[in-house]
Amino acid sequence: MPSPSTVPRPIPATIAAVIRDRQVLLVRRANPPDAGFWGFPGGKIDEGEPLFEAAIRELAEETGVAAEPLRVVTAVDAFDRDETGALRRHFILIAVLCRWTAGEPVAADDALDARWVDLDALQDTRLALSLDVAEVAEQAAALMSQMPSRPPKP
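Here it is as structure tokens:
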């Protein structure tokens, strides 16, 4: 059994679940875990950085999109394993529901591609999704449908 000092500690990270008109914003990841798979924009939370600020920062870095963070949707585990199956890193991804405010997605930072995906297309098996993406997107869309519309600007 590994000693407690050799077991990787979970790394807190955030993902931005941006919903717009029954579409969700996804990026194709360039780096592990899940390189090549589609998932939410996101990344590690910097030391001293509030959760919502981290979600919006990562969203802007990876896609150029601006959004308003609304609330936490859920948290999921993401495990990065080596070729033998040994655990390299364990991320705890905190999903933040975000309302799109401006911009169209352009892949940047560690994203290979970025685009709006119809929520119905998430069940399409040809779209290589990271684990839990479809479920988190559906939860986010359900929460978004319960949120009050943004009041018009004066």
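With UniProt numbering applied, the sequence shown covers 1 to 154.
For each residue, glycine too, the CB sits at the ideal point set by N, CA and C.
Every value quoted in this text rests on a predicted model; they were computed, and no experiment measured them.
{"query": "Supposed contact pair LEU122 and ALA108 - C-beta distance, whole angstroms, cut 8 Å", "result": "With a Cβ gap of about 23 Å, ALA108 and LEU122 do not count as contacting."}
{"query": "Simplified DSSP assignment, three categories, for ILE56", "result": "helix"}
{"query": "Close beta carbons around ALA141, own chain, < 8 Å, minus the five adjacent residues each side", "result": "ILE19, ARG22, VAL24, LEU119"}
{"query": "Nearest residue (CA-CA) to ASP110, options PRO12, PRO10, ALA30", "result": "ALA30"}
{"query": "Option in LYS44, GLU138, GLU83 with minimal Cα separation from VAL73", "result": "GLU138"}
{"query": "Three-state class that DSSP yields for ALA128 in the structure shown", "result": "coil"}
{"query": "CA nearest to the CA of TRP100, picked from ARG9, ILE45, GLY64, PRO50", "result": "GLY64"}
{"query": "Neighbour-count burial assignment, SER149, 16 or more Cβ in a 10 Å radius", "result": "exposed"}
{"query": "Status (buried if at least 16 other CB within 10 Å, exposed otherwise) for VAL96", "result": "buried"}
{"query": "C-alpha gap between LEU129 and GLN146, whole angstroms", "result": "26 Å"}
{"query": "Status (buried if at least 16 other CB within 10 Å, exposed otherwise) for VAL136", "result": "buried"}
{"query": "Nearest-angstrom Cβ-Cβ length linking PRO32 and ILE92, presumed shorter than 8 Å", "result": "Rounded, the Cβ-Cβ distance is 16 Å, inconsistent with contact."}
{"query": "According to DSSP, residues forming a beta bridge with ILE11", "result": "PHE91"}
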